[in-house]
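Presented below is the structure to which this report refers.
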Amino acid sequence: MLQEFTDYNLLKFTNRPLFVTLKNNTLKDILVKSKHSPTAEDSKTIISQTKVCNNFNELIFSIPKEKSPAKPGSCKRPRCATCQHFNSSSYFQSTATKQQCRVKQSFSCSSTNIIYLITCSKCHKQYVGKTSKTLRERVFHHRSSIKNNQARYICKHFNLPGHSLANFKIQVIDRKENATDLQNQEEHWIKLLDTLHPKGLNVTSLY
(Lines of atoms letter the chains of each structure in order from A and count residues from 1; the text may use other names and numbers.)
(Lines give C-alpha, C1' and ligand atoms only; values in the text may rest on other atoms or scores of the structure.)
Protein backbone atom coordinates (compact mmCIF):
# COMPACT_ATOMS: atom_id res chain seq x y z
CA MET A 1 0.00 0.00 0.00
CA LEU A 2 2.89 2.38 0.81
CA GLN A 3 4.33 1.76 -2.65
CA GLU A 4 1.01 2.57 -4.30
CA PHE A 5 0.76 5.81 -2.30
CA THR A 6 4.29 6.79 -3.35
CA ASP A 7 3.62 6.00 -7.03
CA TYR A 8 0.42 8.04 -6.92
CA ASN A 9 2.17 11.13 -5.54
CA LEU A 10 5.09 10.85 -7.96
CA LEU A 11 2.67 10.59 -10.87
CA LYS A 12 1.19 13.99 -10.01
CA PHE A 13 4.56 15.69 -10.55
CA THR A 14 5.60 13.96 -13.78
CA ASN A 15 3.52 16.30 -15.95
CA ARG A 16 4.64 19.77 -17.01
CA PRO A 17 4.46 22.08 -13.94
CA LEU A 18 2.16 25.10 -13.91
CA PHE A 19 3.18 28.36 -12.27
CA VAL A 20 0.69 30.77 -10.73
CA THR A 21 1.57 34.22 -9.43
CA LEU A 22 -0.61 35.57 -6.64
CA LYS A 23 -0.70 39.22 -5.61
CA ASN A 24 -0.82 40.37 -2.02
CA ASN A 25 -4.10 41.54 -0.55
CA THR A 26 -4.77 45.22 -1.13
CA LEU A 27 -6.84 47.62 0.96
CA LYS A 28 -9.66 47.09 -1.54
CA ASP A 29 -9.50 43.32 -1.01
CA ILE A 30 -9.80 43.79 2.75
CA LEU A 31 -12.62 46.35 2.76
CA VAL A 32 -14.66 45.13 -0.21
CA LYS A 33 -15.95 41.61 -0.33
CA SER A 34 -17.49 40.00 -3.38
CA LYS A 35 -21.09 38.92 -2.94
CA HIS A 36 -20.59 36.25 -5.57
CA SER A 37 -19.01 32.97 -4.58
CA PRO A 38 -17.23 31.16 -7.44
CA THR A 39 -19.02 28.04 -8.61
CA ALA A 40 -17.84 24.96 -10.45
CA GLU A 41 -19.32 26.45 -13.63
CA ASP A 42 -17.16 29.60 -13.17
CA SER A 43 -14.04 27.46 -12.97
CA LYS A 44 -14.97 25.63 -16.17
CA THR A 45 -15.51 28.96 -17.96
CA ILE A 46 -12.14 30.33 -16.85
CA ILE A 47 -10.33 27.18 -17.93
CA SER A 48 -12.09 27.03 -21.31
CA GLN A 49 -11.24 30.68 -22.08
CA THR A 50 -7.61 30.50 -20.95
CA LYS A 51 -5.17 30.33 -23.83
CA VAL A 52 -1.83 28.59 -23.34
CA CYS A 53 1.01 30.35 -25.16
CA ASN A 54 3.48 27.68 -26.28
CA ASN A 55 5.43 30.00 -28.54
CA PHE A 56 7.27 33.00 -27.08
CA ASN A 57 7.56 34.58 -30.55
CA GLU A 58 3.80 34.37 -30.91
CA LEU A 59 3.45 36.46 -27.75
CA ILE A 60 5.99 39.04 -28.91
CA PHE A 61 4.54 39.52 -32.39
CA SER A 62 0.98 39.80 -31.05
CA ILE A 63 1.88 43.08 -29.32
CA PRO A 64 0.45 46.03 -31.36
CA LYS A 65 3.19 47.89 -33.19
CA GLU A 66 3.52 51.64 -33.35
CA LYS A 67 2.03 53.11 -36.51
CA SER A 68 4.60 54.08 -39.12
CA PRO A 69 4.74 57.73 -40.23
CA ALA A 70 2.33 58.84 -42.93
CA LYS A 71 3.77 58.68 -46.43
CA PRO A 72 2.65 61.57 -48.66
CA GLY A 73 3.16 61.06 -52.36
CA SER A 74 2.62 62.82 -55.67
CA CYS A 75 -0.05 61.47 -58.02
CA LYS A 76 2.55 60.71 -60.76
CA ARG A 77 0.09 61.53 -63.53
CA PRO A 78 1.95 62.12 -66.82
CA ARG A 79 0.66 65.69 -67.29
CA CYS A 80 0.47 66.77 -63.64
CA ALA A 81 2.47 69.99 -63.22
CA THR A 82 2.35 69.67 -59.42
CA CYS A 83 4.40 66.48 -59.14
CA GLN A 84 7.66 68.22 -60.09
CA HIS A 85 7.21 70.60 -57.13
CA PHE A 86 5.82 68.05 -54.64
CA ASN A 87 7.87 67.27 -51.53
CA SER A 88 6.86 63.76 -50.40
CA SER A 89 8.82 63.71 -47.12
CA SER A 90 7.01 62.56 -43.96
CA TYR A 91 8.67 65.42 -42.06
CA PHE A 92 9.01 69.16 -42.54
CA GLN A 93 11.19 71.77 -40.86
CA SER A 94 11.00 75.48 -40.28
CA THR A 95 13.99 77.08 -41.97
CA ALA A 96 13.65 80.01 -39.54
CA THR A 97 13.47 78.14 -36.21
CA LYS A 98 14.81 74.71 -37.29
CA GLN A 99 11.83 73.08 -35.54
CA GLN A 100 10.96 69.74 -37.16
CA CYS A 101 7.42 68.34 -37.34
CA ARG A 102 5.90 65.13 -38.65
CA VAL A 103 3.20 64.86 -41.30
CA LYS A 104 0.41 62.93 -39.58
CA GLN A 105 -1.68 62.07 -42.66
CA SER A 106 -1.09 60.86 -46.19
CA PHE A 107 -1.50 63.51 -48.88
CA SER A 108 -1.27 63.75 -52.65
CA CYS A 109 -1.77 66.28 -55.43
CA SER A 110 -5.52 65.61 -55.19
CA SER A 111 -5.85 66.37 -51.45
CA THR A 112 -8.36 69.08 -50.46
CA ASN A 113 -8.98 71.31 -47.40
CA ILE A 114 -5.27 71.46 -46.72
CA ILE A 115 -2.51 73.55 -45.20
CA TYR A 116 0.61 73.59 -47.38
CA LEU A 117 4.18 74.76 -46.99
CA ILE A 118 6.09 76.34 -49.89
CA THR A 119 9.87 76.40 -49.61
CA CYS A 120 12.27 78.23 -51.91
CA SER A 121 15.12 75.81 -52.56
CA LYS A 122 17.35 78.77 -53.49
CA CYS A 123 17.22 80.86 -50.29
CA HIS A 124 15.12 78.54 -48.10
CA LYS A 125 12.43 81.09 -47.25
CA GLN A 126 8.99 79.59 -46.61
CA TYR A 127 5.32 80.37 -47.08
CA VAL A 128 2.30 78.76 -45.37
CA GLY A 129 -0.98 78.73 -47.26
CA LYS A 130 -4.36 77.04 -47.25
CA THR A 131 -6.94 75.94 -49.81
CA SER A 132 -10.27 74.16 -49.83
CA LYS A 133 -9.60 73.04 -53.40
CA THR A 134 -7.12 70.39 -54.52
CA LEU A 135 -3.40 70.98 -54.16
CA ARG A 136 -3.15 70.59 -57.93
CA GLU A 137 -5.50 73.55 -58.49
CA ARG A 138 -3.70 75.70 -55.93
CA VAL A 139 -0.29 75.02 -57.46
CA PHE A 140 -1.71 75.88 -60.90
CA HIS A 141 -2.70 79.34 -59.60
CA HIS A 142 0.67 79.85 -57.88
CA ARG A 143 2.55 78.89 -61.05
CA SER A 144 0.39 81.19 -63.15
CA SER A 145 0.87 84.11 -60.74
CA ILE A 146 4.64 83.61 -60.70
CA LYS A 147 4.87 83.34 -64.49
CA ASN A 148 2.87 86.56 -64.85
CA ASN A 149 4.93 88.24 -62.10
CA GLN A 150 1.83 89.42 -60.27
CA ALA A 151 2.09 92.02 -57.52
CA ARG A 152 2.18 89.54 -54.65
CA TYR A 153 5.21 89.12 -52.42
CA ILE A 154 5.53 85.37 -53.03
CA CYS A 155 5.26 85.90 -56.80
CA LYS A 156 7.88 88.64 -56.74
CA HIS A 157 10.19 86.39 -54.72
CA PHE A 158 10.36 83.65 -57.36
CA ASN A 159 11.05 86.31 -60.00
CA LEU A 160 14.12 87.63 -58.17
CA PRO A 161 17.52 87.28 -59.90
CA GLY A 162 18.69 83.68 -59.71
CA HIS A 163 15.20 82.44 -58.77
CA SER A 164 12.69 80.53 -60.91
CA LEU A 165 9.81 78.06 -60.72
CA ALA A 166 12.41 75.32 -60.43
CA ASN A 167 13.03 76.58 -56.87
CA PHE A 168 9.33 76.26 -55.97
CA LYS A 169 8.80 73.26 -53.65
CA ILE A 170 5.52 72.48 -51.92
CA GLN A 171 4.49 70.08 -49.17
CA VAL A 172 1.09 69.39 -47.58
CA ILE A 173 1.44 69.52 -43.80
CA ASP A 174 -2.09 69.47 -42.37
CA ARG A 175 -5.78 69.13 -43.16
CA LYS A 176 -9.04 70.47 -41.70
CA GLU A 177 -12.55 69.92 -43.06
CA ASN A 178 -14.17 72.99 -41.51
CA ALA A 179 -13.39 76.38 -43.10
CA THR A 180 -12.93 78.08 -39.72
CA ASP A 181 -10.65 75.31 -38.49
CA LEU A 182 -8.66 75.56 -41.72
CA GLN A 183 -8.18 79.31 -41.21
CA ASN A 184 -7.14 78.85 -37.58
CA GLN A 185 -4.74 76.07 -38.46
CA GLU A 186 -3.09 78.18 -41.14
CA GLU A 187 -2.46 80.92 -38.58
CA HIS A 188 -1.14 78.31 -36.16
CA TRP A 189 1.46 77.05 -38.64
CA ILE A 190 2.47 80.56 -39.74
CA LYS A 191 3.29 81.37 -36.12
CA LEU A 192 4.90 78.03 -35.30
CA LEU A 193 7.09 77.92 -38.42
CA ASP A 194 7.78 81.67 -38.21
CA THR A 195 7.06 82.36 -41.89
CA LEU A 196 6.03 86.02 -41.61
CA HIS A 197 8.14 88.58 -43.49
CA PRO A 198 11.06 89.26 -43.19
CA LYS A 199 11.95 85.72 -42.06
CA GLY A 200 9.43 84.14 -44.42
CA LEU A 201 7.19 84.88 -47.39
CA ASN A 202 3.87 85.46 -45.57
CA VAL A 203 3.06 89.17 -45.34
CA THR A 204 -0.57 89.24 -44.11
CA SER A 205 -0.88 90.23 -40.46
CA LEU A 206 -2.38 87.58 -38.16
CA TYR A 207 -3.84 90.16 -35.77
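The sequence shown stops at residue 220 when you use our numbering, and every number in between is there. All C-beta atoms in this analysis are idealised placements derived from N, C-alpha and C, irrespective of residue type, glycine included. In this text, all values refer to a predicted model and were calculated from it rather than measured experimentally.
Below 8 Å, enough C-beta pairs join the stretch 144-151 and the stretch 124-132 to call them touching: three or more. Asn-215 and Phe-171 have their alpha carbons spaced roughly 14 Å apart.
DSSP places Gln-106 in the uninterrupted beta strand (DSSP E) bounded by 104-106. About 4 Å separates the Cβ atoms of Thr-108 and His-137, confirming a contact at the 8 Å cut-off.
Each of Lys-135, Val-185 and Asp-207 was checked against the Cα of Cys-122, and the nearest Cα belongs to Val-185. For Thr-144, DSSP records a beta bridge to Ile-127. Under the Cβ criterion (8 Å, minimum of three pairs), the stretch 173-184 does not count as touching the stretch 192-201. Here Lys-182 carries a strand assignment [DSSP, helix/strand/coil]. In this structure, DSSP gives Arg-156 a helical state, which the three-state scheme calls helix. One alpha carbon belongs to Asp-207, the other to Gly-213, and they sit about 7 Å apart. For Gln-113, there is no enclosing alpha helix (DSSP H); the residue is found in the beta strand (DSSP E) stretching over 113-115. Taking 8 Å as the cut-off, the beta carbon of Ser-158 is found closer than this to the beta carbon of Arg-165.
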